[in-house]
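Residue numbers (the numbering used here): 35 to 109.
For each residue, glycine too, the CB sits at the ideal point set by N, CA and C.
In this text, all values refer to a predicted model and were calculated from it rather than measured experimentally.
For reference, the structure discussed in these notes is given below.
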């Protein structure tokens, strides 16, 4: 399953797609502190862990701050 920026980024992210298209495409942006931001190609906005991570992820931010910075850990 692929993660999608549902409704062109207007709804929370959800992993319910079997194929990749624009809504399922994210650009990884490396930040100066070693973390990464995820920019949705559906709406050119950044994924946010709003409410200090207590709300669903959503691609609705125009810029990167603390709630838009992630540590991606390879498995």
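For residue i, collect the residues of the same chain with a Cβ closer than 8 Å to its Cβ; drop the 5 residues on either side in sequence, then sort them by chain order.
| i | result |
| --- | --- |
| residue 52 | 35 and 36 |
| residue 47 | 37, 38, 39, 40, 81, 90, 91, 92 and 93 |
| residue 96 | 79 and 80 |
How many Å lie between residue i and residue j at the Cα?
| i | j | result |
| --- | --- | --- |
| residue 62 | residue 87 | 19 Å |
| residue 76 | residue 67 | 26 Å |
| residue 49 | residue 103 | 20 Å |
| residue 45 | residue 73 | 15 Å |
| residue 99 | residue 91 | 14 Å |
For residue i, I'd like the list of residues in its chain whose CB is within less than 7 Å of its CB, leaving aside the five on either flank, ordered along the chain.
| i | result |
| --- | --- |
| residue 94 | 43, 79 and 82 |
| residue 65 | 71, 98 and 103 |
Tell me the residue span of the beta strand (DSSP E) that contains residue i.
| i | result |
| --- | --- |
| residue 93 | 92 to 95 |
Report the CB separation of residue i from residue j in whole angstroms; it is logged as a contact under 8 Å.
| i | j | result |
| --- | --- | --- |
| residue 107 | residue 70 | Wrong, their Cβ atoms sit about 11 Å apart, outside the cutoff. |
| residue 101 | residue 84 | 6 Å |
For residue i, which residues of its own chain have a beta-carbon under 6 Å away from its beta-carbon, when the five flanking residues on both sides are left out?
| i | result |
| --- | --- |
| residue 54 | 36 |
Length-filtered (3 minimum) beta strand (DSSP E) runs lying within the region 36 to 81: You should have 36 to 39, 47 to 51, 60 to 64 and 70 to 74.
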